[in-house]
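Have a look at the structure below before the remarks.
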Amino acid sequence: MFDSIAIITNIGVIGYLIFTLFKGGPTAFSSDYIFIGYLVITILTLPMLISKVILKSRVVGLLSALSYLIYPLQIVIISLFTKISGMSMGEILPFVTIFNMLLWNILFAFLILFDEKRGDYSEVIIKNILCAIIPGIIVTVITAIFIRQKDSIVALDYLQHSTVPNKMFFNNITCLLPGQCSNLFLQHGYTTFYHTILGNITTFLQNDPIRTFYVIDILYPVIASIPLYYLFKKYTRSTLWSQLGVLLSLLVFVMGGYDFIFFIPQTFALLLFLMILKDRNLSISGLIFSSILLISIHFVIGTMLAGFLWFKFLIIENLNKKKEIRIFYLILGLTVVFFALANIAGFSVEKFIQSDATKVIGSLTNPYYPNNIKAFGEVLGPIWIIVILAYITNSIEGESSKSSLISISFIALCSIAYFLAPTYANKFTTGIGVYAVMLIIPFILKLRFNNIFKLLLLIILPSVFIINFYIQYKNYLSFYTQSNGTVSAITKEDKELVSYLKTEKPNKIVLSDPYTQLVVASLANIDTAQAQYMQLETREDLYKFLKNPITRTHEALLNSKSLLQNNDFDLIYSSRLHRSLKYDSTAWINNIYSLDINSDEKIDEIDNKLKGYLSTISKKDIFISDHYRLFK
Amino acid sequence: MKNFYLRILLFIILIFGVIFSISKYKAFTETKNFQIINERQSVIIQLPNTKYIEITSRNDSVANSQISERPFLTNTDVKKNSNLESTLASSGTSIEHIENEKMNRNIQLTPLNSEVIQVEMTTNTSYRYVDNLAYKMQIDYSEKTDFHFDKNKVFFENNGCYVEVTVNSDDTKIRDFGNEQSIVLVQKYSLQNIFRFNIGIKCNSK
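Line by line, the protein sequences give chains G and C. Everything in the first sequence is counted per the working numbering, starting at 1 for the first residue and increasing by one. Everything in the second sequence is counted per the working numbering, starting at 633 for the first residue and increasing by one.
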């Protein structure tokens, strides 16, 4: 029956796509929700099918995680092929994505049609996956209806990361580190592994990027629910409680971590980590492969997650005696308390060791006592009390189940990293929601409630999680709330600018305010002065030049770091720059993250001195809209 | 037996969790009596009656009967958290950090509920102490009004809004500035001054 449901659904979607193709041609796909959704699901689940059908392994496990390497591998092969054939990447990459979609369908057919002949259980697999995605669908519906506005982008990360596949597609550049492709990455935090997947979803078929990012956000909980379900099934052996575990895990909004909210390198690392965690008894070689895989996705969070795997292998797996386990729990608890107190007393890695990094940023990146405790508390809200109760009970009892040992260890290690407060400490809380749920579900099961109380728990627990999730998510969205009430990183004025620049591309590096630069770099593939990471010194030089355009300030600007030794530039005089000059609003000069989202200030008049100077250096004033002028 | 107590405890926690979540949700969705605008050169508390309360560093002064210095009349660095929430943890607190060379001033405004804002301002300045030297911070209202002074508080009513400023310590005195628009909070000068007070706002037309 479950096989039939899956086949009929897939045939239905394919039928719709064929109908759309005949009705509107291939270009109709670029902004079609069903097509984009289908693309997201096929690209993100293809490795699971490869693992099951080709590698004869599990849907969720180390091999399925390693199967994601198919995407960087494809790019390497295509890159070599373009060098031999003389073709451009842009000509070949669309076929790669189409191939991946076809491969998904072939493997899906193989899974269902051929498994049964060998007596395998495709019916069971499909049933498990359907059970797994039900909580994911619930979260998707809640997010789409109550939280997100249609076609909204609420993570600047997407804009930044999309510049890498853009460079692969439009400029024939293949790179191992994103900084080699795009100048938007100040530090090397990851390889381009993630970007090869993002390219398949957004760039290679030239889908509408704004809509695609929105669909990724909406569907990502459904994808994440698959490894989560298998993980909870491993520890609870109950379908219903596993589904509850998945639902609650998805309903934790980790500020800064964004576990299952966005598909970005750190959350991708978490997804593969959960897949690997599902594997029983990883060997040393498995651990080494896992570590390389996770670190290649995110040098910091991947390393932390790989460290967890080694911690599990070296310490947790070797704890047997109750006394040892009790001492282990006690040490973890006391260590967390120690680092929390040290933090409250004023200790922070960011303040004492990473002062150079904070100088570049222009401020500290973490909230401090009492705000950091408040932010930490808000991740789980009142559920923290249950976590503490479970911790105390399990410590006293010397609870030896793997779910308890792993989750308490991971929560403790995440908390220690958070309170040590290196830069962006909140990223270290990535996954804390999953571990907390992994701790409290078996704890509740152990209490053996009768059916009526179980039903009550099934109602109360999700209610508490949903409310906290809603408030946390909405709080996060406040940054992306424009003055007209639209909640999205892209304003309607920005869209006009992008559509102009797509047809009339500037030839030189483009200077503007950091936010506008980010928008044009990602959506129009324009080279900018490091976009949102334009260095503070260059921001100041730009501001001084705009305020006082003379040879001295012009030269200072040209010699500025983010100009990357270019001896000329085109200037987008944006609404954001105009407002900054008009009201002396200079916060963006002092802090790298101080960005202004609104671009609704009309450019009524540009300073004559500036216009005059720009014309003496042969910059023609081009009117793009009431909110943007281009000097090139 | 142990399980029995744990079950009861768990349910008590969950009931608390539900009540806590609902009250948090109510507070979150409740229309507030004010909006904190922390994007310009000063911190502005916008009221629904179109008027506003302004706290600007430029008006701070270190003074006695003979001298009057303005430590932040010019500033070398301004940092505000209002538009830093994209990748950093959201705290719900508006923070403005002003520097003038080695002197700095940090103000934090935390809405406690829809009617009360908790304000904490810390200044680090470096003036030589002389007799009766005081640090004065100023709170301005956008329109002329009648201030009523009580022991630890000052209040006024204007255009359907009732505003009350309450200081939490005896070290801080509230004074009338004399222009019918401003009040001044005064502390004995020290290298570090910390002002803590609440601003209560109730409006009929929120």
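Here a beta-carbon is modelled for each residue, glycine too, at the ideal position from N, C-alpha and C.
Would residue i pass as an interface residue toward chain G - the criterion being a Cβ-Cβ separation below 8 Å?
i                 : result
Gln-673 (chain C) : yes
Thr-719 (chain C) : With a pLDDT of only 43 at Thr-719 (chain C), under the threshold of 50, the placement of this residue in the model should not be trusted; the figure read from the coordinates follows. So, interface residue.
Asn-715 (chain C) : Below a pLDDT of 50, predicted positions are generally treated as unreliable, and Asn-715 (chain C), at 47, falls in that range; the measurement from the model is reported next regardless. By this cut-off, Asn-715 (chain C) is an interface position.
Tyr-637 (chain C) : no
Tyr-767 (chain C) : no
Leu-823 (chain C) : no
Tyr-869 (chain C) : Here chain C covers residues 633 to 838 and nothing more, so residue 869 (chain C) does not appear.
Lys-658 (chain C) : no
Lys-664 (chain C) : no
Leu-741 (chain C) : no
DSSP state of residue i, grouped into three classes?
i                 : result
Arg-807 (chain C) : strand
Asp-772 (chain C) : strand
Asn-372 (chain G) : helix
Tyr-194 (chain G) : helix
Glu-717 (chain C) : Since pLDDT at Glu-717 (chain C) reaches only 43, below the 50 mark, its modelled position is unreliable, and no value is offered.
Lys-312 (chain G) : helix
Gln-160 (chain G) : helix
Asp-568 (chain G) : coil
Gln-180 (chain G) : helix
Cys-414 (chain G) : helix
Is it right to say residue i is buried, meaning 16 or more other beta carbons lie within 10 angstroms of its own, or is it exposed?
i                 : result
Ile-153 (chain G) : buried
Met-753 (chain C) : buried
Asn-715 (chain C) : Low per-residue confidence applies at Asn-715 (chain C): pLDDT is 47, beneath 50, and the placement is therefore not dependable, though the value from the model is reported in the following sentence. Buried is the call here.
Lys-278 (chain G) : buried
Ile-815 (chain C) : buried
Lys-271 (chain G) : Correcting the residue type first, residue 271 (chain G) is Leu in the shown sequence and not Lys. Label assigned to Leu-271 (chain G): buried.
Gly-25 (chain G)  : exposed
Glu-717 (chain C) : Unreliable positioning characterises Glu-717 (chain C) in this predicted model, as indicated by a pLDDT of 43, which lies under 50. The coordinate reading is nonetheless provided below. Label assigned to Glu-717 (chain C): buried.
Asp-782 (chain C) : exposed
Phe-545 (chain G) : buried
Lys-590 (chain C) : The question about residue 590 (chain C) has no answer, for chain C in this structure spans 633 to 838.
Gly-346 (chain G) : exposed
Leu-704 (chain C) : A small fix is needed here, since residue 704 (chain C) is Phe in this sequence, not Leu. Its Cβ being crowded by 16 or more others within 10 Å, Phe-704 (chain C) is buried.
Asn-696 (chain C) : exposed
Ends of the alpha helix (DSSP H) at residue i?
i                 : result
Ile-471 (chain G) : 451 to 477
Leu-250 (chain G) : 239 to 250
Ile-264 (chain G) : Neither: Ile-264 (chain G) is in no alpha helix (DSSP H) and is coded neither H nor E.
Val-13 (chain G)  : 2 to 24
Thr-516 (chain G) : 514 to 523
Val-336 (chain G) : 322 to 344
Thr-82 (chain G)  : 70 to 85
Met-438 (chain G) : 432 to 446
Leu-205 (chain G) : Segment: none, Leu-205 (chain G) is in no alpha helix (DSSP H) and carries neither H nor E.
Glu-123 (chain G) : 122 to 142
Lys-635 (chain G) : It is not possible to answer for residue 635 (chain G), since the shown part of chain G is limited to 1 through 632.
Val-40 (chain G)  : 33 to 49
Looking at the ligand SAM, does it come within less than 7 Å of residue i, judged from the CB to the closest heavy atom?
i                 : result
Glu-378 (chain G) : This structure lacks the ligand SAM; in fact it carries no ligand of any kind.
Does residue i have its Cβ less than 8 Å from a Cβ in chain C?
i                 : result
Val-464 (chain G) : yes
Arg-552 (chain G) : no
Ile-408 (chain G) : no
Gln-586 (chain G) : Reading off the sequence shown, one finds Thr at residue 586 (chain G), where the question assumed Gln. Output row for Thr-586 (chain G): interface = yes.
Ile-471 (chain G) : yes
Asn-183 (chain G) : no
Pro-165 (chain G) : no
Ile-301 (chain G) : no
Leu-445 (chain G) : no
Pro-382 (chain G) : yes
Thr-636 (chain G) : There is no way to answer for residue 636 (chain G), as the model of chain G reaches only from 1 to 632.
Where do the ends of the beta strand (DSSP E) carrying residue i lie?
i                 : result
His-729 (chain C) : 726 to 732
Ala-695 (chain C) : 693 to 695
Glu-796 (chain C) : 793 to 799
Pro-743 (chain C) : 735 to 743
Cβ contact (3+ pairs, closer than 8 Å) linking the segment 683 to 702 of chain C and the segment 759 to 779 of chain C: The segment 683 to 702 of chain C, when compared against the segment 759 to 779 of chain C, does touch it at the 8 Å Cβ threshold.
Spell out a yes or no on whether the segment 274 to 290 of chain G and the segment 441 to 454 of chain G are touching, meaning 3 or more CB-CB pairs, one atom from each, closer than 8 Å. no
Pairs of beta-carbons, one from the segment 232 to 252 of chain G and one from the segment 499 to 516 of chain G, closer than 8 Å: are there three or more? Flag = no, the segment 232 to 252 of chain G and the segment 499 to 516 of chain G do not touch.
Assess contact between the segment 62 to 82 of chain G and the segment 263 to 280 of chain G, defined as three or more Cβ pairs (one per stretch) separated by less than 8 Å. Is contact present? yes
Take every Cβ of the segment 568 to 576 of chain G, pair it with every Cβ of the segment 451 to 467 of chain G, and state whether three or more of those distances are shorter than 8 Å. no
The segment 217 to 234 of chain G / the segment 290 to 298 of chain G touching (three or more Cβ pairs under 8 Å): no
Segment contact flag, the segment 654 to 671 of chain C with the segment 744 to 760 of chain C, C-beta cutoff 8 Å, min 3 pairs: yes
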